[in-house]
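S.K.:
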Amino acid sequence: MAESGALTDRLREHRLILRYADEPGYSQDIDCYLRHGGYEQLRKALSMDPAAIVAEVKASGLRGRGGAGFPTGTKWGFIDHTKNRKPVYLLCNADESEPGTFKDRQIIYKDPHQLLEGMIIASYANRAHLAYIYIRGEMVRGAQILERALAEARAKNFLGTNILGSGYDLDIFVFRGAGAYICGEETGLIESLEGKRAYPRIKPPYFPAALGLYLCPTIVNNVETLCNVKHIVEMGGAAFAKIGTPNNTGTRIWCVSGDVRRPGYYEYDCGAITLGELLYDVCGGIRDGNRLKAVIPGGSSAKVLRAGEIYRVQRKKPDGSAEEIEMRLEDLPLDFDTIAASGSMSGSGGVIVMDHTRDMVECLSNLSAFYAHESCGQCTPCREGALWMHKILRRMVGGGARPEDPQLLLDVSGQIAGRTICAFGEACSWPVESFVAKFREEFEAKATAAQESESLSRAC
Amino acid sequence: MVVPDQPLLPGEEAPGAEFERKADEIVGQYPASRRSAALPLLHLWQKEFGFLSQRAVEWISERLGLQPIHILELITFYPMLRIRPGGRINFKVCRTLSCALAGSHELFAQIRDRCGATASAGHGIYLSPDGTYSVEFVECLALCGSAPAMMVDEEEFERATIGTVDRILAESLGSGASHGEGKG
Ligand SMILES: Cc1cc2nc3c(=O)[nH]c(=O)nc-3n(C[C@H](O)[C@H](O)[C@H](O)COP(=O)(O)O)c2cc1C
Ligand code: SF4
Ligand code: FES
Numbered sequence: 001m002a003e004s005g006a007l008t009d010r011l012r013e014h015r016l017i018l019r020y021a022d023e024p025g026y027s028q029d030i031d032c033y034l035r036h037g038g039y040e041q042l043r044k045a046l047s048m049d050p051a052a053i054v055a056e057v058k059a060s061g062l063r064g065r066g067g068a069g070f071p072t073g074t075k076w077g078f079i080d081h082t083k084n085r086k087p088v089y090l091l092c093n094a095d096e097s098e099p100g101t102f103k104d105r106q107i108i109y110k111d112p113h114q115l116l117e118g119m120i121i122a123s124y125a126n127r128a129h130l131a132y133i134y135i136r137g138e139m140v141r142g143a144q145i146l147e148r149a150l151a152e153a154r155a156k157n158f159l160g161t162n163i164l165g166s167g168y169d170l171d172i173f174v175f176r177g178a179g180a181y182i183c184g185e186e187t188g189l190i191e192s193l194e195g196k197r198a199y200p201r202i203k204p205p206y207f208p209a210a211l212g213l214y215l216c217p218t219i220v221n222n223v224e225t226l227c228n229v230k231h232i233v234e235m236g237g238a239a240f241a242k243i244g245t246p247n248n249t250g251t252r253i254w255c256v257s258g259d260v261r262r263p264g265y266y267e268y269d270c271g272a273i274t275l276g277e278l279l280y281d282v283c284g285g286i287r288d289g290n291r292l293k294a295v296i297p298g299g300s301s302a303k304v305l306r307a308g309e310i311y312r313v314q315r316k317k318p319d320g321s322a323e324e325i326e327m328r329l330e331d332l333p334l335d336f337d338t339i340a341a342s343g344s345m346s347g348s349g350g351v352i353v354m355d356h357t358r359d360m361v362e363c364l365s366n367l368s369a370f371y372a373h374e375s376c377g378q379c380t381p382c383r384e385g386a387l388w389m390h391k392i393l394r395r396m397v398g399g400g401a402r403p404e405d406p407q408l409l410l411d412v413s414g415q416i417a418g419r420t421i422c423a424f425g426e427a428c429s430w431p432v433e434s435f436v437a438k439f440r441e442e443f444e445a446k447a448t449a450a451q452e453s454e455s456l457s458r459a460c
Numbered sequence: 001m002v003v004p005d006q007p008l009l010p011g012e013e014a015p016g017a018e019f020e021r022k023a024d025e026i027v028g029q030y031p032a033s034r035r036s037a038a039l040p041l042l043h044l045w046q047k048e049f050g051f052l053s054q055r056a057v058e059w060i061s062e063r064l065g066l067q068p069i070h071i072l073e074l075i076t077f078y079p080m081l082r083i084r085p086g087g088r089i090n091f092k093v094c095r096t097l098s099c100a101l102a103g104s105h106e107l108f109a110q111i112r113d114r115c116g117a118t119a120s121a122g123h124g125i126y127l128s129p130d131g132t133y134s135v136e137f138v139e140c141l142a143l144c145g146s147a148p149a150m151m152v153d154e155e156e157f158e159r160a161t162i163g164t165v166d167r168i169l170a171e172s173l174g175s176g177a178s179h180g181e182g183k184g
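Protein chains in written order, with full-length UniProt numbering: chain A, 1 to 460; chain B, 1 to 184.
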């Protein structure tokens, strides 16, 4: 009994960012937010030196929640305010278009002021006086909710000139995208916000912190990342760093979709539960009593994991030394580092589950259609390669698979990653590489089946 | 010619005072560069008139002091911008993996049948013959946990079924032309 009690405790969500989001009666309006202690951290932050806030964020160990997991404090530290004479911009990445990801939407639709408070604090810390929220175009309602929240915040002088008598001025506006995934890539986002096609910029030299919006220093952060800033100010960086595990601090919102009984979004301390616990205990297991076949752990661009796989991962021992241990897929703790050590990534937190009835070639074909459609077209390997891979996969699904196709897919995908302007190149080749490598027999079976049906039709 | 020749819609020649006011307000949000207002103005125009015409390209480029090509290149890049009218009621069904696993492709076919949207209007958009309905696939709508996801005009629908669609169609008939207002 005691043990099952401990298990239930372990599986209880720790909602920091989504603390109020689904509470009955909690609403988007500012009065509700204020009743729940809203904008208190802004007051506190405005009494601090901006550099002190950056120091707290560094101490917190917070890593970006948009996909790459880059340390937020380090990013903020790239702007040297002693030398910089240009305006600084802060951009909130609310493009949320990585397939499998639906966490930022929960924040925007249910607790918009939490995002605004985090953004205002982040803007103050980075000495920005103008900030934009880049929200994907399809979230029309989300944009309206944010517009209203901004107007409320302006009316209460949480935005505007001389915010709460601090002498600090800031305004924030909403900018709507128009259906292009590549706008989520931070430099594509910046180009889009400049009124151009969302063609990502080459890095170096165009690191946003150096040459961002209008070629000024710019901080781009994800919605969930910016919300965390508020909590770091509240509890202090050191206390925040105690949530989760070393180098994997704070909570994460895991978005589970696909073949589980209870898909949805679940917030846990980093590393607090395992992938197996998330799928079987939290999400109720695989639907219809089916068996697990594959999981994409961090949005569609992350490499697929196959049920039954064993990973060799480095783990830190209490004395600080590292040891290498073997881990089953189910035992992988949900954090940044272990998922990376399994050869994939926790990316945007989008966990897509496929059960044993699924055809892996069809699943990959579906994803490859996405990438073929969304390549911005600047780099030849990505523009052509993403389309070729999709054409091959569509042909395979349509009964025209050839024995050389699995290798052809690997050859094409192998010539994209690392040869492009932005990480979309990796994003479109990793799924292909991992699906083919891990489920090669299914890709080969397609070719065998196609040959058999061809010889059958010739015989008739 | 990228933007097809179309007769001007009522009000397109000179959009009204309210439209002008909104446009000014938008431009004011980008003090460092008027060009940033291009996409927001395209959204504004499309919301008002339903699609983007040659007149939209002229009006917006003039307003922002840009060449027409700067506006055209956005229209041809961003999937949500359209150069032809959609249906008075527009269905967007998510095509991507989690929704596909939950049957979104079957749902797409059912919606097309129900609406008689069989004529391809290019770019994967299907129209009913009288122009009332359009049906199209879109990529992941960030509603994967409640798949299949769908949008009807600006409204999002989770765990959508053909029953949801039937309800929407019945309501739209009941309320006459109110659905899809502002789409020209
Ligand atoms: C192809 C591509 C798509 C991306 N899409 C998103 C997105 O939708 N939302 C997001 O926050 N970050 C996205 N990113 C990551 C951003 O480039 C950037 O790393 C992030 O916004 C930084 O914020 P963070 O440090 O708070 O995570 C994407 C990256 C790539 C390469
Ligand atoms: S890698 Fe693909 S998406 Fe990225 S810039 Fe090149 S063509 Fe565009
Ligand atoms: S896959 Fe359909 S909403 Fe994400």
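Think of the CB as a built atom: it goes at the ideal place given N, C-alpha and C, for glycine as much as any other residue.
Suppose only complete runs of 3+ residues qualify. What are the beta strand (DSSP E) ranges in the region 203–281 of chain A, listed by chain order?
M.R.: Counting only runs of 3 or more, we get 218–222, 251–258 and 264–269.
S.K.: For histidine 14 of chain A and chain B, any beta-carbon pair shorter than 8 Å?
M.R.: Within the first sequence, residue 14 of chain A is the residue found at index 14, counting from 1. So, not an interface residue.
S.K.: Kindly indicate if chain A contains any beta-carbon less than 8 Å away from that of glycine 180 of chain B.
M.R.: Stepping through the second sequence from its first residue, residue 180 of chain B is reached at position 180. Caution applies to glycine 180 of chain B, whose pLDDT of 40 falls short of 50 and renders its modelled position unreliable; the model cannot decide the point.
S.K.: By a C-beta neighbour count over all protein chains shown, 10 Å radius and 16 as the cutoff for buried, is histidine 179 of chain B buried or exposed?
M.R.: Translated into positions along the second sequence, residue 179 of chain B becomes position 179. For histidine 179 of chain B, the pLDDT reaches just 41, beneath the cut-off of 50, and the residue's location in the model is therefore unreliable, although a value from the coordinates is still provided. That one is buried.
S.K.: Got a list of residues with beta-carbon closer than 7 Å to any non-hydrogen atom of ligand 3, in chain order?
M.R.: Those satisfying the condition are, in chain order, A/Pro99, A/Gly100, A/Phe102, A/Ser257, B/Cys94, B/Thr96, B/Leu97, B/Ser98, B/Cys99, B/Ser104, B/Cys140, B/Leu141, B/Ala142, B/Leu143, B/Cys144, B/Ala147, B/Pro148 and B/Ala149.
S.K.: Looking at the C-beta of histidine 123 of chain B, does it have a partner C-beta in chain A at a distance below 8 Å?
M.R.: Residue mapping note: residue 123 of chain B aligns to position 123 of the second sequence, counting from 1. Cβ-Cβ to chain A under 8 Å: no for histidine 123 of chain B.
S.K.: Going along the chain, which residues of the region 21–35 of chain B sit with their C-beta nearer than 7 Å to a C-beta in chain A?
M.R.: Cβ contacts with chain A come from Gln29, Ala32, Ser33 and Arg35.
S.K.: Identify whether asparagine 93 of chain A lies in helix, strand or coil by the three-state DSSP scheme.
M.R.: To locate residue 93 of chain A, count along the first sequence from 1; it is residue 93. Strand.
S.K.: Quick one: list the residues of chain A neighbouring proline 129 of chain B, beta-carbon separation under 8 Å, in chain order.
M.R.: If you number the second sequence from 1, residue 129 of chain B lands on position 129. The premise fails here: proline 129 of chain B is roughly 26 Å from chain A at the closest Cβ pair, so nothing lies under 8 Å.
S.K.: Which two residues bound the contiguous beta strand (DSSP E) that contains arginine 176 of chain A?
M.R.: Working through the first sequence from its first residue, we reach residue 176 of chain A at position 176. Where arginine 176 of chain A is concerned, the enclosing beta strand (DSSP E) stretches over 171–176.
S.K.: According to DSSP, leucine 8 of chain B sits in a beta bridge with which residue or residues?
M.R.: As a first step, residue 8 of chain B must be located in the second sequence, where it is residue number 8. Per DSSP, none; premise fails for leucine 8 of chain B.
S.K.: If the cut is a Cβ gap below 8 Å, which residues of chain B does tyrosine 206 of chain A touch?
M.R.: For the purposes of this step, residue 206 of chain A is identified with residue 206 of the first sequence, where counting begins at 1. Going along chain B, no residue has its Cβ under 8 Å from tyrosine 206 of chain A, so there is no contact; the nearest lies around 17 Å.
S.K.: Taking 6 Å as the limit between beta carbons, can you name the residues of its chain near serine 36 of chain B, skipping five residues before and five after?
M.R.: Within the second sequence, the letter at position 36 stands for residue 36 of chain B. Around serine 36 of chain B: Tyr30.
S.K.: So leucine 74 of chain B contacts chain A; which residues on that side make the cut at Cβ distance below 7 Å?
M.R.: For this step, residue 74 of chain B is matched to residue 74 along the second sequence. Under the 7 Å cutoff, chain A gives Arg197.
S.K.: Between leucine 172 of chain B and serine 257 of chain A, is the Cβ-Cβ spacing less than 8 Å?
M.R.: In the second sequence, residue 172 of chain B corresponds to position 172, counting from 1. In the first sequence, residue 257 of chain A corresponds to position 257, counting from 1. It is serine, not leucine, that sits at residue 172 of chain B in the sequence shown. No, they are not a contact pair.
S.K.: Look at valine 432 of chain A and leucine 409 of chain A and say whether their C-beta atoms are less than 8 Å apart.
M.R.: Along the first sequence, one-based indexing puts residue 432 of chain A at 432. Along the first sequence, one-based indexing puts residue 409 of chain A at 409. Yes.
S.K.: Using 8 Å for Cβ pairs, my map puts valine 351 of chain A next to leucine 292 of chain A. What's the rounded Cβ distance?
M.R.: Residue 351 of chain A sits at position 351 when you count from the first residue of the first sequence. Residue 292 of chain A sits at position 292 when you count from the first residue of the first sequence. 12 Å between Cβ atoms; not a contact.
S.K.: For cysteine 94 of chain B, which of helix, strand or coil comes out of DSSP?
M.R.: Counting from 1 along the second sequence, the entry for residue 94 of chain B is found at position 94. Of the three classes helix, strand and coil, the one that applies to cysteine 94 of chain B here is strand, per DSSP.
S.K.: Would tyrosine 265 of chain A and lysine 110 of chain A qualify as a contact pair, given that the criterion is a beta-carbon distance under 8 Å?
M.R.: As a working mapping, residue 265 of chain A is identified with position 265 in the first sequence. As a working mapping, residue 110 of chain A is identified with position 110 in the first sequence. Result no, Cβ atoms of tyrosine 265 of chain A and lysine 110 of chain A do not sit closer than 8 Å.
S.K.: Which term fits alanine 177 of chain B, buried or exposed, when burial requires 16 or more other beta carbons within 10 angstroms of its beta carbon?
M.R.: Counting from one through the second sequence, the residue named residue 177 of chain B turns up at place 177. With a pLDDT of only 46 at alanine 177 of chain B, under the threshold of 50, the placement of this residue in the model should not be trusted; the figure read from the coordinates follows. Answer is exposed; the Cβ neighbour count stays below 16.
S.K.: Hey, is serine 97 of chain A close to ligand 1, as in C-beta under 7 Å from one of its heavy atoms?
M.R.: Counting from 1 along the first sequence, the entry for residue 97 of chain A is found at position 97. Serine 97 of chain A Cβ: within cutoff of ligand 1.
S.K.: Closest to glutamine 415 of chain A by CA distance: which of A/Pro403, A/Phe370, A/Thr72 and A/Ala386 is it?
M.R.: What you label residue 415 of chain A is simply residue 415 of the first sequence in a count that begins at 1. Out of A/Pro403, A/Phe370, A/Thr72 and A/Ala386, A/Ala386 has the C-alpha closest to the C-alpha of glutamine 415 of chain A.
S.K.: For the region 325–338 of chain A against the region 70–86 of chain B, do three or more pairs of beta-carbon atoms, one drawn from each stretch, fall closer than 8 Å, so that the two count as touching?
M.R.: With a cut-off of 8 Å, the region 70–86 of chain B and the region 325–338 of chain A do not count as touching, because too few Cβ pairs lie within range.
S.K.: Confirm the yes/no value for this check: CB of leucine 183 of chain A, any heavy atom of ligand 2, distance under 7 Å.
M.R.: Position 183 of the first sequence, counted from the start, is the residue given in the question as residue 183 of chain A. The displayed chain sequence assigns cysteine, not leucine, to residue 183 of chain A. Checking the Cβ of cysteine 183 of chain A against ligand 2 gives no.
S.K.: Does phenylalanine 424 of chain A get closer than 8 Å to chain B when you measure Cβ to Cβ?
M.R.: As a first step, residue 424 of chain A is located in the first sequence; it is residue number 424 there, counting from the start. No, phenylalanine 424 of chain A lies away from the interface with chain B (no Cβ there is under 8 Å from its Cβ).
S.K.: Closer than 8 Å, Cβ to Cβ, to anything on chain B: give me those residues from the region 80–105 of chain A, in chain order.
M.R.: Listed by position, the residues of the region 80–105 of chain A near chain B (Cβ gap below 8 Å) are Pro87, Glu96, Ser97, Glu98, Pro99, Gly100, Thr101, Phe102, Asp104 and Arg105.
S.K.: For threonine 72 of chain A versus asparagine 221 of chain A, is the C-beta distance shorter than 8 Å?
M.R.: For this step, residue 72 of chain A is matched to residue 72 along the first sequence. For this step, residue 221 of chain A is matched to residue 221 along the first sequence. Their beta carbons are under 8 Å apart, which means threonine 72 of chain A touches asparagine 221 of chain A by this criterion.
S.K.: On the three-pair Cβ rule with 8 Å, is the region 94–112 of chain B touching the region 44–62 of chain B?
M.R.: No: fewer than three Cβ pairs fall under 8 Å.
S.K.: With a threshold of 7 Å, establish whether the CB of alanine 423 of chain A neighbours any heavy atom of ligand 1.
M.R.: Looking up residue 423 of chain A in the first sequence gives position 423. Flag set: Cβ of alanine 423 of chain A near ligand 1.
S.K.: With distances taken from CA atoms, which of A/Met345, A/Asn126 and A/Ala401 is nearest lysine 446 of chain A?
M.R.: Along the first sequence, one-based indexing puts residue 446 of chain A at 446. The shortest Cα separation from lysine 446 of chain A among A/Met345, A/Asn126 and A/Ala401 belongs to A/Ala401.
S.K.: For a contact defined as C-beta to C-beta under 8 Å, what are the partners of tyrosine 133 of chain B on chain A?
M.R.: Working through the second sequence from its first residue, we reach residue 133 of chain B at position 133. Going along chain A, no residue has its Cβ under 8 Å from tyrosine 133 of chain B, so there is no contact; the nearest lies around 19 Å.
S.K.: For ligand 1, is there any heavy atom lying closer than 7 Å to the beta carbon of glycine 212 of chain A?
M.R.: Locating residue 212 of chain A in the first sequence gives position 212, counting from the first residue. Not so, every heavy atom of ligand 1 lies at least 7 Å from the Cβ.
S.K.: Note down, in chain order, every chain A residue with its Cβ under 9 Å from the Cβ of tyrosine 78 of chain B.
M.R.: As a first step, residue 78 of chain B is located in the second sequence; it is residue number 78 there, counting from the start. Those are Gly137, Gly177, Ala178, Gly179, Ala180, Cys183, Ser192, Arg197 and Ala198, listed as they occur along chain A.
S.K.: Isoleucine 163 of chain A and isoleucine 107 of chain A - do their beta-carbons sit closer together than 8 Å?
M.R.: The count along the first sequence starts at 1 and reaches residue 107 of chain A at position 107. The count along the first sequence starts at 1 and reaches residue 163 of chain A at position 163. No, the pair does not count as a contact, with Cβ atoms beyond the cut-off.
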